[in-house]
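So in this note's numbering, the last spot in the sequence shown is 419, and the numbers never skip.
No residue lacks a Cβ here, since even glycine has one placed at the ideal position from N, Cα and C.
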Amino acid sequence: MSRRYVRPLSPLERYSLVLNRLYRYHVDGILEGRGDVDIKRLQQAVDKAAQSNPAIRVRLRGLLRWCYWVDSGKAPRVHLLPVSPWTGDSELNTEFLQQRLDPMKGQAVADVLVVPCTDGKTRIVFRSVHAAIDGRGLMHWVADVCRALRDETPVGSSSRLTDLDIQLANQQNIPPEEPAAPAQCVPVIEPDEVRHGELRYIWRRIVLPSNVSQLLPRAAEFFAAYARARVPGGEVGFTIPVDYRGLRTQEMGIGNMTGYLRLQVPEGASPRKLMQQILTKVKAFTDCKTFPGITTLRWLPVWFMLRQLKPKVDALLHTVSPALPTGGLVSMGSVVMSDYNFPGFQAERFYGIPGAVGKLNMIFINTPTETIVSLSTPATYNGNGQLDTLVQAFTEHFSSQGLAS
15 MSRRYVRPLS PLERYSLVLN RLYRYHVDGI LEGRGDVDIK RLQQAVDKAA QSNPAIRVRL
75 RGLLRWCYWV DSGKAPRVHL LPVSPWTGDS ELNTEFLQQR LDPMKGQAVA DVLVVPCTDG
135 KTRIVFRSVH AAIDGRGLMH WVADVCRALR DETPVGSSSR LTDLDIQLAN QQNIPPEEPA
195 APAQCVPVIE PDEVRHGELR YIWRRIVLPS NVSQLLPRAA EFFAAYARAR VPGGEVGFTI
255 PVDYRGLRTQ EMGIGNMTGY LRLQVPEGAS PRKLMQQILT KVKAFTDCKT FPGITTLRWL
315 PVWFMLRQLK PKVDALLHTV SPALPTGGLV SMGSVVMSDY NFPGFQAERF YGIPGAVGKL
375 NMIFINTPTE TIVSLSTPAT YNGNGQLDTL VQAFTEHFSS QGLAS
């Protein structure tokens, strides 16, 4: 008999639980296409894929340092929703997405929503809690469900590694660095002067009509120029996630197996120079640096950290300080849409909703024929249409000839 799947809750995952209580900190992927989805057959495929990926069935158990993700044996549930006017381009008409998955209440870490839409498309939303699953893990999970729907064998994963395990194993590879003054990064767009109500995040989807190569450094260059047109000489920097799978380990876990580095964007820096900076930092194992005092988080209750964070949120998100960079940029790599087809369903697009954290987040996925980009900000960055203006400028810039590969 195989050993029950158990994985320790890493310190960064504990902090993600805090953010989930504050913002609804999810990793959500949307599979969009045409056809009728058999709910019973989809649930059977989810069950089959979950047998090969027990990390998708976990529940939170334990206390403080002794918190673990433990396999409950129960696969995520599939829910059929009423016909919706949702277009997939934004959070408009997505009240169902505002419902938070909360492991702190013993709930599942993932579920699946089937949304038939009035535009003739069906959108299947694979929802997950970032504290338990990261972006690459979600993509693996979705692909395995689609394999099961085609009666193929899921690839599966039973890795128990955490991000902290990988970081600690690579500490000796990190060369010493000279201390540097903390960056005071400006946001790309101006926050609303007057802010009301509870904090919530909004997002926009952009479909670029070609496969845009090197979009991550090009986007960093674009956002920096956009920010400095408003704040001349402002410092600009972005958080860049680094996937440990295939880089720091050969294990294919679906939990949080991601490190982070900071990309600074000097004035006049070209995309090539920015990409060189990223590669240099990856070579120096910068993504494996642990945050100061990170292990202390294992001993801090979520309620305590939440109480400490709440009074600071407005300042963190809406003022310039070393606490947060300009934003985060995430490349989810390239996909072929036929990998997401299954009997009765023709996949057209697969894309993510950026996690609700920070001042501006961008996630993008390349296909052979187009690039799908999602941008998110707090709603307090769009009171006068700031985000929508940025989206229009971004779309026009990257739809221009000469930028596609």
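**Prompt:** Looking at residue 189 and residue 59, is the spacing between their C-beta atoms short of 8 Å?
**Reply:** no
**Item:** Range covered by the alpha helix (DSSP H) that runs through residue 179
**Value:** That run of the alpha helix (DSSP H) goes 177 to 183.
**Message:** Considering just the uninterrupted stretch of the beta strand (DSSP E) at residue 345, what are its terminal residues?
**Reply:** 341 to 348
**Prompt:** Would residue 219 pass as a contact of residue 52 if the rule is Cβ separation under 8 Å?
**Reply:** no
**Item:** Rounded distance between the beta-carbons of residue 335 and residue 215, thought under 8 Å
**Value:** About 20 Å separates the two Cβ atoms, so there is no contact after all.
**Request:** Identify which residue in 43, 29, 44 has its Cα closest to the Cα of residue 37.
**Result:** 29
**Message:** Using C-beta distances below 7 Å, list every residue in its chain close to residue 343, excluding the 5 sequence neighbours before and after it, in chain order.
**Reply:** 230, 233, 234, 252, 254, 376
**Prompt:** residue 219 bridges to which residues according to DSSP?
**Reply:** 388
**Prompt:** Under the three-state reduction of DSSP, which class applies to residue 266: helix, strand or coil?
**Reply:** coil
**Prompt:** Roughly how far, in whole angstroms, is the beta-carbon of residue 266 from the beta-carbon of residue 171, given that I think they are within contact range, below 8 Å?
**Reply:** 5 Å
**Request:** Output the distance between the C-alpha atoms of residue 270 and residue 373, rounded to the nearest integer angstrom.
**Result:** 22 Å
**Prompt:** Nearest-angstrom Cα distance between residue 45 and residue 89?
**Reply:** 19 Å
**Asked** In three-state terms, what does DSSP make of residue 110?
**Response** helix
**Asked** In terms of alpha-carbon separation, which member of 289, 211, 280, 199 lies closest to residue 341?
**Response** 199
**Request:** Please state whether DSSP places residue 83 in a helix, a strand or coil.
**Result:** strand
**Contact check, residue 268 vs residue 25, beta carbons under 8 Å** = No, these two residues do not count as a Cβ contact at 8 Å.
**Request:** Return the chain-ordered list of same chain residues with a C-beta closer than 7 Å to the C-beta of residue 349, the five sequence neighbours on each side being excluded.
**Result:** 364, 379, 381
**Item:** Element boundaries [beta strand (DSSP E), containing residue 278]
**Value:** For residue 278, the enclosing beta strand (DSSP E) covers residues 272 to 278.
**Prompt:** Cβ atoms of residue 85 and residue 19: under 8 Å apart, would you say?
**Reply:** yes
**Asked** For residue 324, which option in 123, 32, 21 has the closest C-alpha, if you only look at C-alpha atoms?
**Response** The alpha carbon of residue 324 has as its nearest neighbour, out of 123, 32, 21, the alpha carbon of 32.
**Request:** With distances taken Cα to Cα, identify the nearest neighbour of residue 109 among 118, 120, 97.
**Result:** 97
**Message:** Is the separation between the beta-carbon of residue 222 and that of residue 387 shorter than 8 Å?
**Reply:** Using a Cβ distance threshold of 8 Å, residue 222 and residue 387 count as a contacting pair.
**Item:** beta strand (DSSP E) runs wholly inside the segment 352 to 384, at least 3 long, in chain order
**Value:** Fully enclosed beta strand (DSSP E) runs of 3 or longer: 359 to 367, 375 to 380.
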